[in-house]
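As you go down the protein sequences, you meet chains A and B in turn. Quick note: the first sequence uses this note's numbering, first residue 1126, plus one each step. Quick note: the second sequence uses this note's numbering, first residue 1126, plus one each step. From the three backbone atoms N, C-alpha and C, an ideal C-beta is built for every residue, glycine too. Computed from a predicted structure; not experimentally measured. Report on the structure given below.
Protein chains: 2
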Amino acid sequence: MNTSEPKDALEGSVVRRLRRLLGERLLTDPADRWAYGYDNSRQQALPQAVALPDRHDQIVELVRLCAQQGIPLIPRGRGTGTTGAVVPAQGGIVLSLEHMRERLEIDPDNRLAVVAPGITNQELQEAASEHGFFWPPDPTSSAVCTIGGNLAYNSAGPRAVKYGTPRENTLGLQVVTGTGDTLHTGTRTTKGVVGYDLTRLLIGSEGTLGVITEATLKLTPLATAKRTLQATYSSIDAAARAVSALMAQPLTPCALEFMDAQAIAMVRDYSDLGLPADAQALLMIEVDGSEEAIDGDAERIRTVARTRGCLAVELAHTEDEVARLWRARKALSPALRNVAPKKINEDVVVPVSHLPSLIDGLQALSQRYGIPIVNFGHAGNGNIHVNLLLDPEDPRQSAAAEACLSEVFSLVLGLGGTLSGEHGIGRVKQAYVGQELSPVALGLMRAIKRQFDPHGILNPGVGLPEDPSPD
Amino acid sequence: MNTSEPKDALEGSVVRRLRRLLGERLLTDPADRWAYGYDNSRQQALPQAVALPDRHDQIVELVRLCAQQGIPLIPRGRGTGTTGAVVPAQGGIVLSLEHMRERLEIDPDNRLAVVAPGITNQELQEAASEHGFFWPPDPTSSAVCTIGGNLAYNSAGPRAVKYGTPRENTLGLQVVTGTGDTLHTGTRTTKGVVGYDLTRLLIGSEGTLGVITEATLKLTPLATAKRTLQATYSSIDAAARAVSALMAQPLTPCALEFMDAQAIAMVRDYSDLGLPADAQALLMIEVDGSEEAIDGDAERIRTVARTRGCLAVELAHTEDEVARLWRARKALSPALRNVAPKKINEDVVVPVSHLPSLIDGLQALSQRYGIPIVNFGHAGNGNIHVNLLLDPEDPRQSAAAEACLSEVFSLVLGLGGTLSGEHGIGRVKQAYVGQELSPVALGLMRAIKRQFDPHGILNPGVGLPEDPSPD
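In C-alpha cells form, the structure reads like this:
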C-alpha cells in the first residue's frame, strides 16, 4: 500500500564511520536492508542502512552520529507491530535491537528481572518460570516479539485484565536519548518517588523519545493452578452484562476474551466447534490461583457468568477439554485470513459497560458501509479488535473503508474510549489522534519530544501527528 | 526550624482581582493565613494569601493571574505531607483544594471512580466499599488526607505490596497547567496507548507541573476475608529471609510490615505486649481473599514465615486477637513521640534482599554518631521508615544528624535503593537528590517542568533541586 521508493544511499563518509563503529554489524546491501524495512502492517520502505549493535556504547555512538548528521534512526525489535512504526518511510538507519541479548538476569528474591531489549518475551517467561515467576505482558506474538518492543508499544495481551500492562510491570529503564545521552529511569524497587516518572513516559512512546538498552522488570509469582471456562450467550447484551458482573466481583479472571456473532459465524463456517446454534456472543474465561482454591473459584466464576441470556457455561476438566474450548477462539485468526486476505484491524477500547453500545454501533456501520466487521478481544479491559473485512477485488472499497474507520473512532471516543489499547499509533493512526488528544495535550507531548530528541532523529513521522503550525 | 518571616502583602490591585474571582473564598487576614502555611514537617511560612476555590474554572483563572503576575502558587490538600512541599517558603498564594469536593462518582461496572481532589481518602474508600470496591493507596493519614494530595505525592501505604501505588491505580487526570490551560490525561479504560503517558508524569510531581482538579481512579474489588499474623525472629537476617520467602511464593500478602530490634525495645518499654524476650525483629503479615480459601492461605503463609530463626508465628482467630497482634505496631508511633519529641523520619527503599545490609549499616551509623535509630515499615516493598531520634536539649546534635543522614542515603543508594518510597522530596530532601538522579535525568526533568510551568509559579523551590548552572 504505502511502499516507498528506495531512498538515496548514505554519504560515503557516513558509511565509513558506521563501518568503523559497527564492523560486520552494519548492513548496506539492498537485499539485506529490505528485510528490515517492514512490520506487520502493510507498509514497507527501504532503510538506507541497518545497524545491528550488540552493546549499549555502540548505540550511544550511533545516536550521536545520526544526531550530528541529521539522519533518521528507527529502533526496531522483531517487526511484529501492526502500525508501521518501524517502517523507515523517511529513510534513515534502522536500528535493529535483536542482537542486544547479553543480559537476562532473574532476581527472584527481589521479584525482578534485568533484561536486554533483544530478549524475546518467551525467553524471559521461560527464564522467570524456572524461579516460579512470570512477566505479565503476553502479546499474541510472544514467541518472537522482543521485550524492547513490548516496552516501546506498551504491548499487553489477555493477562492484562488481572495483571496489567508493561506500565504496571516495569521498575526502571536504561535509555539512550536523541542526543546520545545515557538516561537511567526508575528504581530497582517497587516504590520510588524521587523526581518525575520518566519510566512510564518512555514506555509506549514508540521509539520516539529514546532507545531502550536495558529494562528492570517487576516479576509476579506464577499461580499454581488455572481453570478454563467457555460461556455462550443469546445476545451481545447478555454477554456484556456477564463481563460487567465478572469484573464487579472480587475474583478477577486472568483472561476474559470475547467473540461477537460475526466472529462465531466465521469459525462455525470454518469448522464444527459444537457451539449452541443460537450463540450470539462467546466468552473465554480463565481463572488462576492455588490448587486448593481453584475449583471453588472456577465454580464461583461459572455462577457469575450465568447471567440472564446465558446459553451454556462449559468448564474444562482436562488438558484436552481446555484445548477444545480454546479451539473456537484459536480458529478465528486463520478463518479471518481465509475469508478476507485484506482487512483493517483496529484495537479500540471502551469502558466495559459500553461494550453493547460499541458492538451495536459497529453493526450499524457495517450495514451502512457494506463492509463486514468482525469483533473479538480482551473484554475485561473493554479492548476490542475491530476487523473491517475488505474485498481485495474491489478498489473502490478503500474510500468507504476510510470513512467507516473514521466513524468507528468517533463512535469509540463518543463512548468515552480510546483509539488504541495496545497496538499504538505508529504511522497508520496519526490522522485520528487529534480526535482524542486536545491541542494542550499534543503541545506538551511535542515539547517533551523536542527535549528528548532535539534533532528530531528518533523515529520521525511516527506517533504524534505533525504540528500543523510549528513555532 | 525553617520558619520564614512573613512576606510582604500582595499588591492591592492583585488582591482586588483575587477578591473578584474568589469572593469569600480568599483569606487575607494573617491569623487565617497562618493555618495554611505548614505541613507535617517542622517547616512553616506565612502565605501572602490563601485561595479556597470550589470550581475548576476558578483555578484556571487563579493560575492565569499568578502566571501573569509571577506569583508563586502552592497547591495544598490537607497538609499531611512530611517534606514541607506545601510550605510557601518563597511567599505566594496557597491554593487549598479542600473545598474541591463536588464530585465523588463510583462506577462499579467499569471499576472506576471519578473524584474531585478535595475528597479524603477515607471518603472515597467508604463510597467505593458500598459497591464492594476499594482504592488501594492507604496512607496512615487516610482519615484526613485528600485524593489530590495522594496523587501529588504518589502516596501509598501497607497495601502497596499487593495492590500498588497511585501510579498503578489511576486511569486519568484533569489538570490545570502552569499556563492556566486545562489538560486531560489518560483514559477511562484500563488500557490506552495514544500519546505519551502524562498521567504518571503528573502523579508524584508534588504540585510542580500542574494542579489536579479531577481524577479517574481504578477501583479494585474488596476481598471478602482477611487474616492477620504476627511473626517474631531471633535476628534481622532471619526476618529478612522470611520476607524474601514470602515474596517469592504465589500468595502475595496485602500487608507485610516490619519492626527492628530498636522498635521492639521501644514498644516493650512502653507496655507489655507479650513478645518473646529474644525477639530481634517482628513482621506483621496480612492476607486477603475469599472466605473459602482464606484459612488455607493463612496456614500457607504461616508455614512460609517459619524460616530458620523464627521464634513464633501467631495467627489471629478473632477481632480481639487481630487488635492484640497489631498493638505492638500501633504502640510504636506514640512511643516514638514520647521518647524522642525531635526526630528525623526518612522513608528509604532498598531491594528486599538488601534489608539485612540496610539494617546492619544503620546500626553501625547509629553507634558511630551516637544517635539512636529506630526502623520499621513496609518490608514487602523494601520501604523502611528510618527514625533518627535526636536529643532536643543538645543543639550540637544537628550537625551530627545531618552528616549521619547523608551517610544513610549513601548506604541506601549503594544498596541499589532510592531516597524516598512515598514521602517525596519536597523542601527537605533536595540536597540529596543529586546523589540519586544523574545530570541527564535532572536536565530532562527540569525541561519538562519548564514546559508545564514556563513562568515557574507552581510550587517553586520544591522537588527538583535548583539548577546550579541554568542556561
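Using DSSP's beta-bridge definition, name the partner residues of residue i.
i, result
"B:I1498", "B:L1513"
"B:D1232", "B:L1237"
"A:Q1299", "A:H1309, A:E1339"
"A:P1200", "A:L1220"
"B:Q1355", "B:M1409, B:E1439"
"A:I1469", "A:L1513"
"A:P1346", "A:F1258"
"A:T1543", "A:V1474"
"A:E1382", "A:M1409, A:H1503"
"A:L1583", "A:L1198"
Can you say whether residue i is buried or exposed, counting buried as having 16 or more other CB atoms within 10 angstroms of its CB?
i, result
"A:N1127", "Because the pLDDT of A:N1127 is 42, which lies under 50, any placement of that residue in the model is unreliable, and the question is left without a value."
"B:H1442", "exposed"
"B:G1507", "buried"
"B:D1397", "exposed"
"A:L1545", "Position check: residue 1545 of chain A holds Ser in this sequence, whereas Leu was assumed. With 16 or more Cβ atoms within 10 Å of its Cβ, A:S1545 is classed as buried."
"A:L1589", "buried"
"A:E1293", "buried"
"A:E1471", "buried"
"A:A1437", "exposed"
"B:P1466", "exposed"
"B:D1306", "buried"
"A:A1402", "exposed"
"A:E1444", "exposed"
"B:D1422", "buried"
"B:P1172", "buried"
"A:P1378", "buried"
"B:T1428", "exposed"
"A:K1455", "exposed"
Is the beta carbon of residue i less than 8 Å from the beta carbon of residue j?
i, j, result
"B:L1308", "A:V1565", "yes"
"B:A1525", "B:Y1494", "yes"
"A:P1579", "A:G1303", "yes"
"B:T1205", "B:S1166", "no"
"A:L1347", "A:G1414", "no"
"A:P1383", "A:A1504", "The amino acid at residue 1383 of chain A is misidentified as Pro; the sequence shows Phe. Yes, they are a contact pair."
"B:R1552", "B:V1175", "no"
"A:L1147", "A:Q1183", "yes"
"A:P1178", "A:L1187", "yes"
"A:L1342", "A:L1334", "no"
"B:N1512", "B:I1498", "yes"
To the nearest angstrom, how far is it from the Cα of residue i to the Cα of residue j?
i, j, result
"A:P1262", "A:T1290", "6 Å"
"B:L1562", "B:V1286", "25 Å"
"B:A1370", "B:Q1576", "45 Å"
"B:G1581", "B:P1197", "8 Å"
"A:L1296", "A:V1464", "43 Å"
"B:D1133", "B:I1218", "12 Å"
"B:L1583", "B:G1274", "15 Å"
"B:L1400", "B:L1450", "10 Å"
"A:I1079", "B:V1412", "Past the boundaries of the shown model lies residue 1079 of chain A; chain A is included only from 1126 to 1596, so the question cannot be answered."
"B:T1265", "A:F1534", "43 Å"
"B:I1509", "B:P1481", "12 Å"
"B:G1329", "B:V1240", "17 Å"
"A:A1404", "A:A1210", "38 Å"
"B:G1243", "B:V1269", "10 Å"
"A:R1366", "A:G1317", "39 Å"
"A:S1491", "A:F1501", "15 Å"
"A:T1432", "A:D1164", "42 Å"
"A:R1598", "A:S1221", "Nothing in the structure corresponds to residue 1598 of chain A, since chain A is present only between 1126 and 1596."
"B:Q1299", "B:A1238", "13 Å"
In chain E, which residues lie with their C-beta within 9 Å of the C-beta of residue i?
i, result
"A:V1475", "The structure shown contains no chain E; the protein chains it does contain are A and B."
Practice item. Using a Cβ-Cβ cut-off of less than 9 Å, give me the residues of the region 1500-1527 of chain B that come near chain A, in sequence order. Key: Taking 9 Å as the Cβ-Cβ cut-off against chain A, the residues of the region 1500-1527 of chain B that qualify are H1503, G1505, N1506, G1507, N1508.
Exercise for review: Anything in the region 1393-1422 of chain A with a Cβ closer than 7 Å to a Cβ of chain B? List those residues in chain order, please.
Suggested key: So the list reads S1415, E1417, A1418, G1421, given in the order they occur along the chain.
Exercise for review: Closer than 7 Å, Cβ to Cβ, to anything on chain A: give me those residues from the region 1556-1576 of chain B, in chain order.
Suggested key: Of all residues in the region 1556-1576 of chain B, the ones placed with a Cβ closer than 7 Å to any Cβ belonging to chain A are V1558, E1561, L1562, S1563, V1565, A1566, L1569, M1570, A1572, I1573, Q1576, in chain order.
Review point. For the region 1294-1323 of chain B, which residues have a CB atom closer than 8 Å to at least one CB atom of chain A, in sequence order?
Key: Those residues of the region 1294-1323 of chain B that come within reach of chain A (Cβ to Cβ, closer than 8 Å) are T1302, D1306, T1307, L1308, H1309, T1310, T1312, R1313, T1314, T1315, K1316, G1317, V1318, V1319, G1320, Y1321, D1322, L1323.
**Study point:** Chain-ordered residues of the region 1361-1380 of chain A with a beta carbon less than 8 Å from chain B
**Key:** Of all residues in the region 1361-1380 of chain A, S1369, M1372, A1373, Q1374, P1375, L1376, T1377 have a Cβ within less than 8 Å of some Cβ in chain B.
Check your understanding: Along the region 1156-1190 of chain B, what residues have a CB closer than 9 Å to any CB found in chain A?
Key -> If the cut-off is 9 Å between Cβ atoms, the region 1156-1190 of chain B has nothing near chain A.
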